[in-house]
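Comments concern the structure below.
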Amino acid sequence: MTQTKSSVTLVDNQSGKKYELPVLSGAIGPQVIDVRKLYTDSGYFTYDPGYTSTGACKSKITYIDGDEGVLLHRGYAIEDLAEHSDFMEVAYLILKGELPNKAEKAKFERDVTLHTMLHEQINRFFSGFRRDAHPMAVMCGVVGALSAFYHDSLDISDPHQRMIASYRLIAKMPTIAAMAYKYSIGQPFMYPRNDLGYAENFLQMTFGVPCEPYKPNPVLSKAMDKIFILHADHEQNASTSTVRLAGSSGANPFACIAAGIATLWGPAHGGANEAVLKMLAEIGSKDRIPEFIKRVKDKNEGVRLMGFGHRVYKNYDPRAKVMSATCKAVLGELGVSDPLLEIAVELERIALQDEYFVSKKLYPNVDFYSGIILKAMGFPVAMFTALFALARTVGWIAQWNEMIEDPEQKIGRPRQLYTGASKRPFVAIEKRA
Ligand code: ACO
9 MTQTKSSVTL
19 VDNQSGKKYE
29 LPVLSGAIGP
39 QVIDVRKLYT
49 DSGYFTYDPG
59 YTSTGACKSK
69 ITYIDGDEGV
79 LLHRGYAIED
89 LAEHSDFMEV
99 AYLILKGELP
109 NKAEKAKFER
119 DVTLHTMLHE
129 QINRFFSGFR
139 RDAHPMAVMC
149 GVVGALSAFY
159 HDSLDISDPH
169 QRMIASYRLI
179 AKMPTIAAMA
189 YKYSIGQPFM
199 YPRNDLGYAE
209 NFLQMTFGVP
219 CEPYKPNPVL
229 SKAMDKIFIL
239 HADHEQNAST
249 STVRLAGSSG
259 ANPFACIAAG
269 IATLWGPAHG
279 GANEAVLKML
289 AEIGSKDRIP
299 EFIKRVKDKN
309 EGVRLMGFGH
319 RVYKNYDPRA
329 KVMSATCKAV
339 LGELGVSDPL
349 LEIAVELERI
359 ALQDEYFVSK
369 KLYPNVDFYS
379 GIILKAMGFP
389 VAMFTALFAL
399 ARTVGWIAQW
409 NEMIEDPEQK
419 IGRPRQLYTG
429 ASKRPFVAIE
439 KRA
């Protein structure tokens, strides 16, 4: 981050005073107005609900150009990573800043793999949940509970302990997500198998059973790995910002990630792929698409085309392109012809030509096709967001580490525009109307 020679002048029309606000520039992307001293100098603070115009941190991890549909992790395009890399390599890249060489990759994989098992006591924690609990509720609880188990990785000022906590989270999330699923269907938990790759092992723990050997399907393992890559990080979205905000108080890393999981759960964020499938099922057939689109365009109906639109992308989400190709590959491998895919393809075609969506720059996002693939692979709808959380843990923990290491980091504390009552005298209960 560098301070440019230019600045922005803010003129207070009431007092006539002028304030010079420095302009900062990053490596790429729009310049930012530095308002850090605005309140001290002027007595004003900024109002920006939803942070649509506010940068809350500097970061070297992920770059998005929403207008052009570009997503880079540490400078590498998501399309290249999805095609040429694997999730462990992308995790290393996001966490450490560079692609690993062969030896570094092998060591990283081994180091992470050594942490795949959970403390045996956590297995019992699961039985406290109802069998019909949503996997995100279970994950939120279990990941938060990890903070009560790993006391040797709690000194967040120690980079080594932070890295151990990061490895633990990346390694244990597939185990926890698979256990949440197994618990919901009443099957025994499958222990991790460290001879398998990250995605393969997750599929083994999810779909394997103790009474039969698990045979990984390379096409499905690759697709799972690709889905993980596509969800690994996405800059300062709601859940990542939550992790940073929680972490800014010095909170326990496992508790911070649990906060991220809670935020991701919402239908406007990670819950969207679940919502897409529900929407496609509700539409039911291609001939009912025009009627549905009409409802979306009618503000009074309060219906949104789920899987479309994004706060940052005002162009095709680059992840959606990879996801749509992966979707076709998986369905081809499994020999599945899903009527929902046909509805999705037609819905996308119609929406991309419709003035409403075109003028508002609403394009498919990563969630538009992911639900169809996951359904074809055998995941129940409720597990979709859990898979997202599993993959996003890499981004969350990398962003958390970056924040802790940033000397400019402060506890996150937004201000507000107070619109409530002014100070007034207390009224005794017997005198109240
Ligand atoms: N369907 C119909 N209209 C939409 C949609 C949609 N999916 N998304 C936005 N709009 C319209 C809004 O009604 C609004 O119209 P207006 O200007 O006439 O009032 C305009 O587009 C801007 O919408 P906002 O909600 O202000 O945009 P915002 O950036 O706050 O929202 C969001 C982004 C939440 C993703 C939104 O597009 C949405 O709800 N999409 C559907 C849910 C979804 O797919 N979420 C996944 C996001 S990706 C992820 O988290 C992995």
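The opening residue of the sequence shown carries number 9 in the numbering used here; numbering runs sequentially from there. Cβ atoms here follow ideal geometry from the backbone N, Cα and C, with glycine treated the same way. Bear in mind the structure is a predicted one, so any value in this text is a computation, not a measurement.
Have a look at Y206, Y364 and R138 and flag the residue whose alpha-carbon is nearest the alpha-carbon of L398.
Locating residue 398 in the sequence shown gives position 390, where the first residue counts as 1. Comparing Cα-Cα distances from L398 to each of Y206, Y364 and R138, the minimum goes to Y206.
Would you check if there are 3 or more beta carbon pairs closer than 8 Å linking the region 77-96 to the region 264-276?
no
Return the residue from the list G24, K66 and N21 that minimises the CA-CA distance to I41.
Locating residue 41 in the sequence shown gives position 33, counting from the first residue. The shortest C-alpha separation from I41 is found at K66.
Exposed or buried, which one is L122 when buried takes at least 16 other CB atoms within 10 Å?
Position 114 of the sequence shown, counting from 1, holds the residue named residue 122. It counts as exposed.
From G194, A328, E299 and E341, residue whose alpha carbon lies closest to that of Y371
Counting from 1 along the sequence shown, the entry for residue 371 is found at position 363. It is A328 whose Cα lies nearest to the Cα of Y371.
From which residue to which residue does the alpha helix (DSSP H) around P4 run?
Nothing can be reported for residue 4: it is not among the residues displayed for the chain, which extend from 9 to 441.
To which residues of the same chain is S161 closer than 8 Å at the C-beta, ignoring the five residues directly before and after it?
Here residue 161 refers to the residue found at position 153 when the sequence shown is read from its first residue. Correct list, in chain order: Q169, R170, I172, A173, R176 and P261.
Quick check on DSSP: helix, strand or coil for Y426?
Walking along the sequence shown from the start, residue 426 turns up at place 418. Y426: coil per DSSP, three-state reduction.
Is it true that the region 138-158 meets the region 178-191, where meeting means three or more beta-carbon pairs spaced less than 8 Å apart?
yes
Check whether the Cβ atoms of G152 and A263 lie closer than 9 Å to each other.
Along the sequence shown, one-based indexing puts residue 152 at 144. Along the sequence shown, one-based indexing puts residue 263 at 255. Going by C-beta atoms, G152 is nearer than 9 Å to A263.
What does the Cβ neighbour count give for P433, buried or exposed, with the cut at 16 atoms within 10 Å?
As a first step, residue 433 is located in the sequence shown; it is residue number 425 there, counting from the start. Under this definition P433 is an exposed residue.
Quick one: give me the first and last residue of the alpha helix (DSSP H) that T214 is part of.
Mapped onto the sequence shown, residue 214 falls at position 206. Element bounds for T214: Y206 to F215.
Determine, using beta-carbon pairs with one atom in the region 416-430 and one in the region 302-320, whether at least three such pairs fall under 8 Å.
no
Under 9 Å, do M181 and T401 count as touching if we go by C-beta distance?
In the sequence shown, counting from the first residue as 1, residue 181 sits at position 173. In the sequence shown, counting from the first residue as 1, residue 401 sits at position 393. Cβ distance < 9 Å, so M181 and T401 count as in contact.
At the level of alpha carbons, what is the spacing between Y324 and A156?
In the sequence shown, the residue the question calls residue 324 occupies position 316. In the sequence shown, the residue the question calls residue 156 occupies position 148. Each residue's Cα considered, the two are about 42 Å apart.
Cβ-heavy atom distance, T401 to the ligand ACO, below 8 Å
Counted from its first residue, the sequence shown places residue 401 at position 393. Incorrect: T401 has no Cβ contact closer than 8 Å to the ligand ACO.
Quick one: residues in its chain with C-beta nearer than 6 Å to the C-beta of E341, no 5 flanking neighbours on either side, listed in chain order?
For the purposes of this step, residue 341 is identified with residue 333 of the sequence shown, where counting begins at 1. So the qualifying residues of the chain are V227.
Since L89 contacts I235 with CB under 8 Å, what's their CB separation in whole angstroms?
Here residue 89 refers to the residue found at position 81 when the sequence shown is read from its first residue. Here residue 235 refers to the residue found at position 227 when the sequence shown is read from its first residue. So it is not a contact: roughly 13 Å between Cβ atoms.
N373: CB within 8 Å of a non-hydrogen atom of the ligand ACO:
To locate residue 373, count along the sequence shown from 1; it is residue 365. True, at least one ligand heavy atom lies under 8 Å from that Cβ.
Report the CB separation of P224 from T124 in whole angstroms; it is logged as a contact under 8 Å.
Working through the sequence shown from its first residue, we reach residue 224 at position 216. Working through the sequence shown from its first residue, we reach residue 124 at position 116. Actually they do not touch by this definition, with Cβ atoms about 16 Å apart.
Roughly how many angstroms lie between the CA atoms of V320 and T10, to the nearest whole one?
Translated into the one-based positions of the sequence shown, residue 320 becomes position 312. Translated into the one-based positions of the sequence shown, residue 10 becomes position 2. Distance between the alpha carbons of V320 and T10 is about 24 Å.
Drop a sphere of 10 angstroms on the beta-carbon of H159, count the other beta-carbons inside from all chains shown, and report buried for 16 or more, exposed for fewer.
In the sequence shown, counting from the first residue as 1, residue 159 sits at position 151. Classification of H159: exposed, given that the 10 Å Cβ count is below 16.
For G34, which residues of its own chain have a beta-carbon under 8 Å away from its beta-carbon, when the five flanking residues on both sides are left out?
Stepping through the sequence shown from its first residue, residue 34 is reached at position 26. Cβ neighbours of G34 beyond the five flanking positions: M9, V40 and K66.
Terminal residues of the beta strand (DSSP E) in which Q11 lies
By 1-based counting over the sequence shown, the position of residue 11 is 3. Element bounds for Q11: T10 to V19.
Measure from the alpha carbon of L238 to the alpha carbon of each residue in W408, Q195, S93 and P57, then state which is nearest.
Here the question's residue 238 lines up with position 230 in the sequence shown. Out of W408, Q195, S93 and P57, S93 has the C-alpha closest to the C-alpha of L238.
Start and end residues, alpha helix (DSSP H) containing Y448:
Because residue 448 is not part of the residues shown, which for the chain are 9 to 441, the question remains open.
A280 vs G315 beta-carbon contact at 9 Å
Your numbering for residue 280 matches position 272 in the sequence shown. Your numbering for residue 315 matches position 307 in the sequence shown. Yes, they are a contact pair.
Measure how close the beta-carbons of S256 and Q417 come, nearest whole angstrom, since I'm counting them as under 8 Å.
Locating residue 256 in the sequence shown gives position 248, where the first residue counts as 1. Locating residue 417 in the sequence shown gives position 409, where the first residue counts as 1. Rounded, the Cβ-Cβ distance is 6 Å, consistent with contact.
In the DSSP assignment, what are the bridge partners of P372?
As a first step, residue 372 is located in the sequence shown; it is residue number 364 there, counting from the start. DSSP output for P372 lists F316 as bridge partner(s).
Do V78 and P388 come within 9 Å of each other at the CB atom, strictly closer than that value?
Stepping through the sequence shown from its first residue, residue 388 is reached at position 380. Stepping through the sequence shown from its first residue, residue 78 is reached at position 70. Going by C-beta atoms, P388 is not nearer than 9 Å to V78.
Using DSSP with H/G/I as helix, E/B as strand and the rest coil, what is Y55?
Taking the sequence shown and counting its residues from 1, the one referred to as residue 55 is at position 47. Coil at Y55, not helix or strand.
How do the region 376-385 and the region 329-336 stand: do at least 3 beta-carbon pairs fall below 8 Å, yes or no?
yes
Cβ distance (whole Å) where I69 is taken to contact E410 below 8 Å
The residue you call residue 69 lines up with position 61 of the sequence shown. The residue you call residue 410 lines up with position 402 of the sequence shown. Confirmed, about 6 Å.
With a threshold of 8 Å on Cβ separation, who are the neighbours of M331 within its own chain once the five nearest residues in sequence on each side are excluded?
Indexing the sequence shown from 1 puts residue 331 at position 323. Taken in chain order, the residues that qualify are I235, L238, V374, F376, Y377, S378 and I381.
Taking 9 Å as the threshold (C-beta atoms), are Y55 and L46 in contact?
On the sequence shown, residue 46 is found 38 positions in, with the first residue counted as 1. On the sequence shown, residue 55 is found 47 positions in, with the first residue counted as 1. Contact flag unset, no.
Assuming G194 contacts R139 under a Cβ cut-off of 8 Å, what Cβ separation, rounded to an integer in Å, is found between them?
Within the sequence shown, numbered from 1, the residue matching residue 194 stands at position 186. Within the sequence shown, numbered from 1, the residue matching residue 139 stands at position 131. Yes, they are in contact, since the Cβ atoms of G194 and R139 sit about 7 Å apart, within 8 Å.
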